[in-house]
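Asks: Quick one: the structure is below, and I'll ask about it shortly.
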DNA sequence: CATGAATGAGGTTTCATTCAT
DNA sequence: TATGAATGAAACCTCATTCAT
């Protein structure tokens, strides 16, 4: 799916394993030094491979960027596709709060990745970039579903569900991206609680607002 | 202030003029191709200067990144330092709404810059990066002041003023950074209105909330 | 005979078969892309072999060039050694004309090979090159014999038989090598007839010439 | 004219001088080792330049091949465009004989080049190759003109002037290309005389031939 | 002050060949 | 015998920067 990477090997399993290995090893280096500033020399050193072997499983340096970004995305995408099931058994509000908490904590763990993706996605060619953006869209959709369920049972009242879901995701990512600012401002717990409160206020149906129209 | 750049010239005015010229011309190229992928040759072509002249007024390629980013920041910082004055004469709520509207529209115009800054600040060395981050902080502070005034006169009720101000700025920047998502989701007007409503809900003192504690 | 190629196999027949297979398959690729620009990977792909197997029957990439060139030479050498027999039963002039016609038509069919040999023989190491040149020499000798017979029976009168025989071969090869020019100039039939006429004029004993001495 | 080569310099004269220098120095190496087997490292060593400087005046390794081939072609093309004038003042036969003699001697001097061009033209991309072939065509045309003049005054009688002119050029080039054979067969003087005689016989109007039709 | 030719280290990628399986 | 993963030297080319003019 998405983007196809050249290999000289015909053993699909081996290719997948080696690429996983590459992504895992290179991630650290890319996050630290940035993509453009990491040389292929440094990449192969980090992988403990020879140049030739690397290019056996990968068509170009950019393919490696793609692997690393996808590896990073999977870390939290995968997670959500697992836990999202349980959320159906509790009230929409509880589910939303729980999901946000989990998500924010998860992003806190993988801060470096989040920042990295924000900085390097631009360097991908169109097809590779599309599949990264798709992963982001799936992330938003997870929250969309939670919000929609809440609307259906009357617990939430939301004009633009997509926009709210998007905000939830973005605010989480900002905890990583803007850490240079936020760390001096509050703890993750405060940050999370503040935004959970904010989101709930905004989507609560009991809150009467005349709607500010400029 | 901030970061000092090497020059061989002793004519301060000329240096400033040339640097302004460089920043203005190179901005477009950097925004389009990214810093690392822009060669010094492309830089001098964009400036209509010779390499020698460029290095007469600038110590390194990275200095140019610093110039461009600062040039970009000034575009909206300066603006705000002008218009912020008038805002004192109207009610805090009106002032806030007005400021947000102006800010969001301004960022809409300079989307490319915003995205660029999000992507390239990491490439700056410590001292240069600090002065960029300072500019961002000043931006937040503008909204902090508006919010604080509102709190003082009882129009707003806010636990963490800095955090809200920061959110206002970040949400604006996301309109540029996440345009690939948001353009398909709503117009700038809808985006702005949605968030103004949200922010007002969250800081309104009349809204009673028990505070969701997980 | 000629040049010896390393193998790890002891089954001579298998070795010969495999080498024949290699030459046949790789010929097309070499003719199209040139020797230096064809990678070993492309060679094994063309052969449907693994790298390991290839190097089992061949010592180096250059050995393959040798195989291919010899394969190419055999295409027309073999042919001549078959048909040359019949030529003894007809008059020297008829035999010559017939041989030239056959030869020119044959080369027309294997143009690519001829061009290839002109371009790549230089890449062979000394011993391999010698055996290629030997094949060319045998080709010339075929015509030498025809011419000599004609001289003996008084049908031809030639100062330097070798030189004329060599010209006959070279002119044929030029039809392939200089096709970019000759195709726009005449058909194969015209080309052949023109040169048969020329050769006959030059070797005819009835033609009186004082010999141009500068 | 013909093929355009990238340069970073704007000083046309300097570019021409440097390229001339490159062609002159690299020619020897290319002729000796072949194009593909000569590394850029060896090229810059032969030129006494740094890599950077080389690529200042040339876009790629292949451009250098183009320069060298053109340099080689000019050696005899230029020559002819000078001497061809005088030939108009003598009889067509004398002019032809004289031109052939000069040409064959000239090619003898630049054997290496001739061989090189036969082997490497294939490596040029289309546009560059075209302009090399054009130079060859101009060479043929020189002899075409001489032959045509002879026909007009009745000294020659030729069916296909172009083909004869082409033969004259090709036979000359073969003296270089097939030296491995011809050196053992005759001297340049013998080779030249033999072919002058042959050509004159073939184009002489007094020689009666019924035309051999198979 | 302004120019742009010169530098050579370092960039990414390909290559022919080996050898453990 | 047959395989193809692994190697790392060497390929071509670009780069930011300097300095003589």
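Residue numbers (this note's numbering), protein chains in the order written: chain W, 34 to 247; chain L, 34 to 247; chain C, 34 to 247; chain D, 34 to 247.
Virtual Cβ for every residue (Gly too), placed ideally from N, Cα, C.
#1: Quick check: what's the CA-CA separation for residue 86/L versus residue 45/L?
#2: Mind reading off the beta-carbon distance from residue 180/D to residue 120/D? Whole number of angstroms is fine, and I expect it under 8 angstroms.
#3: Verify the CB distance criterion: does residue 82/C have a CB-CB separation below 8 angstroms to chain D?
#4: With residue 58/L as the anchor, note down where its alpha helix (DSSP H) starts and where it stops.
#5: Please state the DSSP three-state secondary structure of residue 92/D.
#6: Any heavy atom of the ligand MG within a distance shorter than 7 angstroms of the CB on residue 111/W?
#7: Closer than 8 angstroms by C-beta to residue 207/C: which residues in its own chain qualify, once you throw out the five before and the five after it? Chain order, please.
#8: Are the C-beta atoms of residue 211/C and some chain D residue less than 8 angstroms apart?
#9: Between residue 143/C and residue 97/C, how many whole angstroms is the CB-CB distance? I'm expecting something under 8 angstroms.
#10: Between residue 186/L and the rest of its own chain, which residues show a CB-CB distance below 8 angstroms, the 5 nearest in sequence each way excluded?
#11: Tell me, please, whether the segment 140 to 160 of chain W touches the segment 150 to 160 of chain L by the rule of three or more beta-carbon pairs shorter than 8 angstroms.
#12: Give a yes or no on whether the minimum CB-CB distance between residue 124/D and chain C is below 8 angstroms.
#13: Under 8 angstroms, CB to CB, which of the residues in the segment 194 to 218 of chain L have a partner in chain W?
#14: Helix, strand or coil for residue 127/C per DSSP?
#15: Tell me whether residue 194/L is buried or exposed, calling it buried when 16 or more other Cβ atoms sit within 10 Å of its Cβ.
#16: Name the two residues that bound the continuous alpha helix (DSSP H) containing residue 182/C.
#17: With a threshold of 16 other CB atoms inside 10 Å of the CB of residue 47/C, please say whether the residue is buried or exposed.
#18: Determine which residues of the segment 54 to 83 of chain W have a Cβ less than 8 angstroms from any Cβ of chain L, and write them out in chain order.
#19: Taking just the CA atoms, how far does residue 38/D sit from residue 184/C?
#20: Looking at residue 62/D and residue 76/D, is the spacing between their C-beta atoms short of 8 angstroms?
#21: Can you tell me which of the three DSSP states residue 151/W falls into?
#22: Closest to residue 234/D by CA distance: which of 188/D, 211/D and 213/D is it?
#23: Any beta carbon of chain L sitting closer than 8 angstroms to that of residue 41/W?
#24: Using 8 angstroms for Cβ pairs, my map puts residue 90/L next to residue 42/L. What's the rounded Cβ distance?
#25: Could you give the distance in angstroms between the alpha-carbon of residue 223/W and the alpha-carbon of residue 147/W?
#26: In this structure, does DSSP put residue 134/W in helix, strand or coil?
#27: What separation, rounded to the nearest whole angstrom, lies between the Cα atoms of residue 228/L and residue 159/D?
#28: Rounded to a whole number of angstroms, what is the C-alpha to C-alpha distance between residue 247/L and residue 135/W?
#29: With distance defined between alpha-carbon atoms, name the residue in 111/C, 113/C, 156/C and 164/C nearest to residue 66/D.
#30: If we ignore side chains and look at the alpha-carbon of each, how far apart do residue 174/L and residue 92/D end up?
#31: Answer with yes or no whether the minimum CB distance from residue 242/W to chain L is below 8 angstroms.
#32: Starting from the beta carbon of residue 166/W, find every residue of chain L whose beta carbon is closer than 7 angstroms, and list them in chain order.
#33: Could you compute how far the alpha carbon of residue 60/D sits from the alpha carbon of residue 53/D?
#34: Using only alpha-carbon positions, find the residue among 237/W, 200/W, 232/W and 131/W that is nearest to residue 170/W.
Replies: With the given structure in hand:
#1: Taking the first residue of the second chain as 1, we reach residue 86/L at position 53. Taking the first residue of the second chain as 1, we reach residue 45/L at position 12. Cα atoms of residue 86/L and residue 45/L: separation of roughly 15 angstroms, rounded to the nearest angstrom.
#2: Walking along the fourth chain from the start, residue 180/D turns up at place 147. Walking along the fourth chain from the start, residue 120/D turns up at place 87. Their Cβ separation, rounded to whole angstroms, is 12 angstroms, which puts residue 180/D and residue 120/D out of contact at 8 angstroms.
#3: Reading the third chain from its first residue, position 49 is the one you call residue 82/C. Taking Cβ atoms only, chain D never reaches closer than 8 angstroms to residue 82/C, which makes this a no.
#4: The residue labelled residue 58/L in the question sits at position 25 within the second chain. For residue 58/L, the uninterrupted alpha helix (DSSP H) segment begins and ends at 45 to 66.
#5: Along the fourth chain, read from residue 1 onward, the residue named residue 92/D stands at position 59. Note: residue 92/D maps to coil in three-state DSSP.
#6: This structure does not include the ligand MG; it has no bound ligands of any sort.
#7: On the third chain, position 174 is the one that residue 207/C refers to. So the qualifying residues of the chain are 215.
#8: Working through the third chain from its first residue, we reach residue 211/C at position 178. Output row for residue 211/C: interface = yes.
#9: The residue labelled residue 143/C in the question sits at position 110 within the third chain. The residue labelled residue 97/C in the question sits at position 64 within the third chain. Incorrect: roughly 19 angstroms between the Cβ atoms, too far for contact.
#10: One-based indexing of the second chain puts residue 186/L at position 153. These residues qualify, in order along the chain: 125.
#11: In this structure the segment 140 to 160 of chain W touches the segment 150 to 160 of chain L; the number of beta carbon pairs closer than 8 angstroms is three or more.
#12: Here residue 124/D is taken as the residue at index 91 of the fourth chain, counted from 1. No, residue 124/D does not count as interfacial toward chain C.
#13: Listed by position, the residues of the segment 194 to 218 of chain L near chain W (Cβ gap below 8 angstroms) are 195, 196, 199, 200, 203, 204, 207, 210, 211, 213, 214, 215 and 218.
#14: As a position in the third chain, residue 127/C is number 94, starting the count at 1. It is helical.
#15: Looking up residue 194/L in the second chain gives position 161. Result: buried.
#16: Working through the third chain from its first residue, we reach residue 182/C at position 149. Looking at the DSSP string, the run of the alpha helix (DSSP H) that includes residue 182/C is 159 to 185.
#17: Position 14 of the third chain, counted from the start, is the residue given in the question as residue 47/C. By the neighbour-count criterion, in which a residue is buried when 16 or more other Cβ atoms sit within 10 angstroms of its Cβ, residue 47/C is exposed.
#18: Using a CB distance below 8 angstroms, the part of the segment 54 to 83 of chain W facing chain L consists of 67, 69 and 70, ordered along the chain.
#19: In the third chain, residue 184/C corresponds to position 151, counting from 1. In the fourth chain, residue 38/D corresponds to position 5, counting from 1. For residue 184/C and residue 38/D, the distance between alpha carbons rounds to 56 angstroms.
#20: As a first step, residue 76/D is located in the fourth chain; it is residue number 43 there, counting from the start. As a first step, residue 62/D is located in the fourth chain; it is residue number 29 there, counting from the start. Taking 8 angstroms as the Cβ cut-off, residue 76/D and residue 62/D qualify as a contacting pair.
#21: One-based indexing of the first chain puts residue 151/W at position 118. In the three-state DSSP reduction, residue 151/W falls in the helix class (H, G or I).
#22: The residue given as residue 234/D occupies position 201 in the fourth chain. Among 188/D, 211/D and 213/D, the Cα nearest to that of residue 234/D is on 188/D.
#23: Here residue 41/W refers to the residue found at position 8 of the first chain. Answer no: the Cβ-Cβ gap between residue 41/W and chain L never drops below 8 angstroms.
#24: Taking the second chain and counting its residues from 1, one reaches residue 90/L at position 57. Taking the second chain and counting its residues from 1, one reaches residue 42/L at position 9. About 6 angstroms; that satisfies the 8 angstroms criterion.
#25: As a first step, residue 223/W is located in the first chain; it is residue number 190 there, counting from the start. As a first step, residue 147/W is located in the first chain; it is residue number 114 there, counting from the start. About 20 angstroms.
#26: Start at 1 with the first residue of the first chain, and residue 134/W comes out as number 101. Helix at residue 134/W.
#27: Position 195 of the second chain, counted from the start, is the residue given in the question as residue 228/L. Position 126 of the fourth chain, counted from the start, is the residue given in the question as residue 159/D. Their Cα atoms are separated by approximately 60 angstroms.
#28: Residue numbering aside, residue 247/L sits at position 214 when the second chain is read from its first letter. Residue numbering aside, residue 135/W sits at position 102 when the first chain is read from its first letter. Confidence at residue 247/L is low in this model, with a pLDDT of 47, below 50, so the placement of that residue should be treated as unreliable; the coordinate-derived value is given next. Going from the Cα of residue 247/L to the Cα of residue 135/W covers about 12 angstroms.
#29: Reading the fourth chain from its first residue, position 33 is the one you call residue 66/D. The residue from 111/C, 113/C, 156/C and 164/C with its alpha-carbon nearest to that of residue 66/D is 156/C.
#30: For the purposes of this step, residue 174/L is taken as the residue at position 141 of the second chain. For the purposes of this step, residue 92/D is taken as the residue at position 59 of the fourth chain. If you draw a straight line from the Cα of residue 174/L to the Cα of residue 92/D, it is about 53 angstroms long.
#31: One-based indexing of the first chain puts residue 242/W at position 209. Because the pLDDT of residue 242/W is 49, which lies under 50, any placement of that residue in the model is unreliable, and the number read from its coordinates should be weighed accordingly. Yes - at least one Cβ of chain L is within 8 angstroms of the one on residue 242/W.
#32: By 1-based counting over the first chain, the position of residue 166/W is 133. Those within 7 angstroms of residue 166/W in chain L are 213.
#33: Numbered from its first residue, the fourth chain carries residue 60/D at position 27. Numbered from its first residue, the fourth chain carries residue 53/D at position 20. Their backbone Cα atoms lie some 11 angstroms apart in a straight line.
#34: Numbered from 1 along the first chain, position 137 holds the residue referred to as residue 170/W. Minimum Cα distance to residue 170/W is reached at 200/W.
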